[in-house]
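Everything below concerns the one structure shown next.
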Amino acid sequence: MTTPNNNERINKAADSLKNNKHTDSVAGHNASERVENVKNHTTEHVNRTERVHRTEHTHPEEHGSYAPEKKKKIWPWLLALLLLLLLIIGGCAALGGNKDDDKVNVELSATTTGDAAVNHHPGGAEAADNAFTDTWTTTVNDINVKDGYSMAVTDKDGSAANLGCKITVDGVVQDEQTAAEGENKVVCNLPDELKK
Numbered sequence: 005m006t007t008p009n010n011n012e013r014i015n016k017a018a019d020s021l022k023n024n025k026h027t028d029s030v031a032g033h034n035a036s037e038r039v040e041n042v043k044n045h046t047t048e049h050v051n052r053t054e055r056v057h058r059t060e061h062t063h064p065e066e067h068g069s070y071a072p073e074k075k076k077k078i079w080p081w082l083l084a085l086l087l088l089l090l091l092i093i094g095g096c097a098a099l100g101g102n103k104d105d106d107k108v109n110v111e112l113s114a115t116t117t118g119d120a121a122v123n124h125h126p127g128g129a130e131a132a133d134n135a136f137t138d139t140w141t142t143t144v145n146d147i148n149v150k151d152g153y154s155m156a157v158t159d160k161d162g163s164a165a166n167l168g169c170k171i172t173v174d175g176v177v178q179d180e181q182t183a184a185e186g187e188n189k190v191v192c193n194l195p196d197e198l199k200k
């Protein structure tokens, strides 16, 4: 591609050669052939110069030469990793909870008219019968609600009637049952979620 200044120089050179009407004796060319040769030669020179000039002012990465990569900052990644770690630890703590918060003191009560027995235990465990007449009460400390707790009141010798049981936590009745007429056993259970 030629610029206006280069075109002017080419045209001036061509005009001066046209005005010179004599034949070149050595090359055997007339003036118009010389004008064409000068134009071609000058155009090639100008194009070559412009190509060199363009490549000097372009970015090196466009021509495949080595350009060092910018260093990536690592601190944002470290900060994100730290926040993620804190969230995971906080979530585990919230899910696990404090084991002492799940423990309660349970008050157990049993009633009957006559002789009966009561046994009470955490889920799956067995306990010895406790014989009583009329009423029976005890408090069991540090019971894990998730383990569950049960009590059963049974007629000891066939003379008991009106069997009843009650489980209370912090003054709130969690379960209370009364045996129907003719039944010789009643069971109460501590619920998985305590009533407030």
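Numbering of the sequence shown is given in this note's numbering, commencing with residue 5 and proceeding in unit increments. No residue lacks a Cβ here, since even glycine has one placed at the ideal position from N, Cα and C. Because the structure is a prediction, the values reported are computed rather than measured.
{"Check": "Coil, strand or helix - Ala-121 by DSSP", "Outcome": "strand"}
{"Check": "Assigned secondary structure, Lys-16 (DSSP; H/G/I helix, E/B strand, else coil)", "Outcome": "helix"}
{"Check": "Ala-121 vs Phe-136 beta-carbon contact at 9 Å", "Outcome": "yes"}
{"Check": "Local conformation of Gly-168 per DSSP, three classes", "Outcome": "strand"}
{"Check": "Cut-off 8 Å between Cβ atoms - residues of its own chain near Lys-189, not counting five sequence neighbours on either side", "Outcome": "Ala-156, Val-157, Thr-158, Asp-159, Leu-167 and Ala-183"}
{"Check": "Helix, strand or coil at Ala-184 according to DSSP, with G and I counted as helix", "Outcome": "coil"}
{"Check": "Leu-198 to Lys-77 span [Cα, whole Å]", "Outcome": "52 Å"}
{"Check": "Cβ distance (whole Å) where Ile-147 is taken to contact Lys-107 below 8 Å", "Outcome": "6 Å"}
{"Check": "Selected residue, minimal CA-CA separation from Cys-169, among Glu-180, Gly-175 and Ser-163", "Outcome": "Glu-180"}
{"Check": "Beta-carbon separation (whole angstroms), Val-144 vs Val-110, contact threshold 8 Å", "Outcome": "5 Å"}
{"Check": "Where the beta strand (DSSP E) through Lys-189 begins and ends", "Outcome": "189-193"}
{"Check": "Counterpart residues of Pro-126 in DSSP-defined beta bridges", "Outcome": "Tyr-153"}
{"Check": "7 Å Cβ shell around Val-177 - same chain, five flanking residues per side excluded", "Outcome": "Lys-170"}
{"Check": "Closest by C-alpha distance to Ala-165, when choosing among Ala-84, Glu-73, Leu-82 and Asp-119", "Outcome": "Asp-119"}
{"Check": "Residue range of the beta strand (DSSP E) that includes Ile-147", "Outcome": "134-148"}
{"Check": "Three-state secondary structure (DSSP) of Glu-111", "Outcome": "strand"}
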